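Notes follow the structure.
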Amino acid sequence: MDRVYNFSAGPAVLPEEVLREAQDEMMNYRGCGMSVMEMSHRSKMFDEIIDEAEADLRTLLQIPDDYAVLFMQGGATLQFAQIPMNLMKNRVADYIVTGTWAKKAWQEAAIYGTANKIASSEDKMFTYIPDCSDLPVSPDADYVYICENNTIYGTKYHTLPNTKGKLLVSDVSSCFLSEPIDVTKYGIVYGGVQKNIGPAGLVVSIIRKDLITDDVLAGTPTYMKFKTHADNRSMYNTPNCYAIYICGKVFKWLLKTGGLEKRKEINEQKAAVLYDYLDSSRMFRGTVEKKDRSLMNVPFVTGDKDLDAKFIKEATEAGFVNLKGHRSVGGMRASIYNAMPVEGVQKLTEFMKQFEEVNA
Ligand SMILES: Cc1ncc(COP(=O)(O)O)c(C=O)c1O
Numbered sequence: 480m481d482r483v484y485n486f487s488a489g490p491a492v493l494p495e496e497v498l499r500e501a502q503d504e505m506m507n508y509r510g511c512g513m514s515v516m517e518m519s520h521r522s523k524m525f526d527e528i529i530d531e532a533e534a535d536l537r538t539l540l541q542i543p544d545d546y547a548v549l550f551m552q553g554g555a556t557l558q559f560a561q562i563p564m565n566l567m568k569n570r571v572a573d574y575i576v577t578g579t580w581a582k583k584a585w586q587e588a589a590i591y592g593t594a595n596k597i598a599s600s601e602d603k604m605f606t607y608i609p610d611c612s613d614l615p616v617s618p619d620a621d622y623v624y625i626c627e628n629n630t631i632y633g634t635k636y637h638t639l640p641n642t643k644g645k646l647l648v649s650d651v652s653s654c655f656l657s658e659p660i661d662v663t664k665y666g667i668v669y670g671g672v673q674k675n676i677g678p679a680g681l682v683v684s685i686i687r688k689d690l691i692t693d694d695v696l697a698g699t700p701t702y703m704k705f706k707t708h709a710d711n712r713s714m715y716n717t718p719n720c721y722a723i724y725i726c727g728k729v730f731k732w733l734l735k736t737g738g739l740e741k742r743k744e745i746n747e748q749k750a751a752v753l754y755d756y757l758d759s760s761r762m763f764r765g766t767v768e769k770k771d772r773s774l775m776n777v778p779f780v781t782g783d784k785d786l787d788a789k790f791i792k793e794a795t796e797a798g799f800v801n802l803k804g805h806r807s808v809g810g811m812r813a814s815i816y817n818a819m820p821v822e823g824v825q826k827l828t829e830f831m832k833q834f835e836e837v838n839a
């Protein structure tokens, strides 16, 4: 069967070139007679894989030396606990709740201390990013937490919040490496890799080194301490070797195709194709405030549930798959991550136009 245009929110489309390379190397990685899946994480071969992956990520994001890069397990969700365990010295943290994932992180932090919700967009079904220029940041907050791109609702911070000098912690799972960021603006910037970078289960966290200490909450398991992973080059126990290997290939693909400035340009061009059509359509409409639109996740509706269902069914039959919106919001959502070619979005838009003509 031919490959489809996969608009899944995650796990999501990966660059074909990367999948083909992995296929070529499946039985025999560079003459060593085995797959990366079968290789010891203590081997020289794997050492090179993880070192190169880290070095390439550092180049892509221009990560300064005073930041560590950790490859950890448990996806983004485990970070919801690991972050407070490591950072909540005063047992106070401020959360900006802009969607399901930010809310989950906030609820998890409340297990460990006082988690203040200092802003939210829940009043309008998370369809916007609140004004974060002058928030009531708590004087004793250990950090301010955001989810930078809201996968389910399709909003993105285009300006980082004013944290009034407090540490910023950001979940960038669904916008990771979609555009350049200034790492120095964050205490921690992290993401699950299954959207823009690789297979699920792995999280990449970029952490300012002075935050990696033994001074963690009492009772924190060894495995949950950032220091455990930092001291052991992300190999305290057997890491998710195969996922790290695929991430490394995606980092190389991004470098080869022009880095993150170029990627941003492509992503803007790609998203504009869909948003411009949504803005001109009389059948479909985007569901979030224009100023807060995500370049990666584009939710839209017709306003009629039956018509939405018909559209999803016909689109799937035409090879545009995983367009159903998250179960909590309904409608449609096209996730157009780095590996979705511009042509995929153009063809989807063409399909939507035809659907509109026939069903108007
Ligand atoms: C923004 C964001 N944060 C966190 C998560 C949870 O990630 P994981 O399933 O890797 O725990 C997701 C998952 O889709 C997400 O989109």
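Per the numbering used here, the sequence shown starts with residue 480, numbered consecutively. Ideal Cβ placement from N, Cα and C applies to all residues, glycine included. As the structure is a computational prediction, the values presented were derived from the model and not from experiment.
Close beta carbons around residue i, own chain, < 6 Å, minus the five adjacent residues each side
i: Ala560; result: Glu587
i: Val824; result: Lys749, Val752, Leu753 and Ile815
i: Thr707; result: Thr701 and Tyr715
i: Ile529; result: Ile723
i: Glu533; result: Val548
i: Asp694; result: none
i: Pro615; result: Ile597
i: Met703; result: Gln561 and Met564
i: Gly687; result: Sequence inspection shows Arg at residue 687; the Gly mentioned does not correspond to that position. Closer than 6 Å at the Cβ level, and outside the excluded window around Arg687, lie Tyr546 and Gly666.
i: Tyr756; result: Thr828
Beta-carbon contacts of residue i that lie in its chain and below 7 Å, excluding the five residues immediately before and after
i: Ser617; result: Val571, Asp573 and Asn595
i: Leu696; result: Met564, Met567 and Tyr591
i: Lys664; result: Leu639 and Leu647
i: Ala794; result: Leu802 and Phe830
Beta-carbon contacts of residue i that lie in its chain and below 8 Å, excluding the five residues immediately before and after
i: Ala581; result: Tyr574, Ile575, Tyr624, Ile625, Cys626, Asn629 and Asp650
i: Pro609; result: Ile575, Thr577, Ala598, Ser599 and Ser600
i: Tyr508; result: Ser514, Val515, Met518 and Met524
i: Arg537; result: Val548
i: Trp732; result: Pro494, Glu496 and Val497
i: Gly809; result: Val780, Lys784 and Asp787
i: Arg761; result: Glu835 and Ala839
i: Asn569; result: Gly592, Asp619, Ala620 and Asp621
Reference residue i, options the options, closest by Cα
i: Pro700; options: Glu740, Leu557, Glu496 and Pro718; result: Leu557
i: Asp526; options: Tyr756, Ser713 and Glu747; result: Ser713
i: Pro778; options: Ala679, Val683 and Met604; result: Met604
i: Ile685; options: Asp694, Ile676 and Phe705; result: Phe705
i: Glu495; options: Met506, Asp481 and Trp585; result: Asp481
i: Leu493; options: Pro820, Lys832, Gln833 and Asn838; result: Pro820
i: Gly738; options: Asn817, Ala491 and Val780; result: Asn817
i: Asp787; options: Arg742, Glu740 and Ala839; result: Ala839
i: Ala813; options: Ser773, Gln552 and Phe730; result: Ser773
i: Val729; options: Val672, Leu827 and Asp710; result: Val672
i: Ala797; options: Ser759, Thr828, Gly782 and Asp758; result: Thr828
i: Ser807; options: Asn485, Asn569 and Thr579; result: Thr579
i: Asn711; options: Glu504, Gly804, Met551 and Asp503; result: Met551
i: Phe486; options: Lys832, Gln833 and Gly804; result: Gly804
i: Gly680; options: Ala555, Leu539, Val668 and Asp689; result: Ala555
Coil, strand or helix - residue i by DSSP
i: Arg509; result: helix
i: Met524; result: helix
i: Phe605; result: coil
i: Ser649; result: strand
i: Ile676; result: coil
i: Asp573; result: strand
i: Pro778; result: strand
i: Gln825; result: helix
i: Ile625; result: strand
i: Ala594; result: strand
i: Gly671; result: strand
i: Arg687; result: strand
i: Asn485; result: strand
i: Arg806; result: coil
i: Leu696; result: coil
i: Phe790; result: helix
i: Phe705; result: helix
i: Phe730; result: helix
Inter-residue spacing [alpha-carbon to alpha-carbon] between residue i and residue j
i: Val483; j: Phe763; result: 23 Å
i: Val662; j: Glu836; result: 46 Å
i: Cys720; j: Val515; result: 7 Å
i: Lys792; j: Phe799; result: 10 Å
i: Cys431; j: Lys643; result: Lying outside 480 to 839, the shown extent of the chain, residue 431 is not represented and no answer is given.
i: Asn776; j: Pro543; result: 29 Å
i: Tyr607; j: Gly633; result: 9 Å
i: Pro490; j: Ile631; result: 14 Å
i: Glu744; j: Pro659; result: 11 Å
i: Leu656; j: Lys674; result: 10 Å
i: Met506; j: Arg499; result: 13 Å
i: Val767; j: Glu747; result: 17 Å
i: Ala620; j: Lys645; result: 7 Å
i: Gly782; j: Ala584; result: 31 Å
i: Pro718; j: His520; result: 7 Å
i: Ile676; j: Gly553; result: 16 Å
i: Gln502; j: Cys726; result: 15 Å
i: Lys789; j: Cys654; result: 30 Å
i: Lys635; j: Cys511; result: 44 Å
Any non-hydrogen atom of ligand 2 closer than 8 Å to residue i Cβ
i: Gly823; result: This structure lacks ligand 2; its bound ligands are ligand 1.
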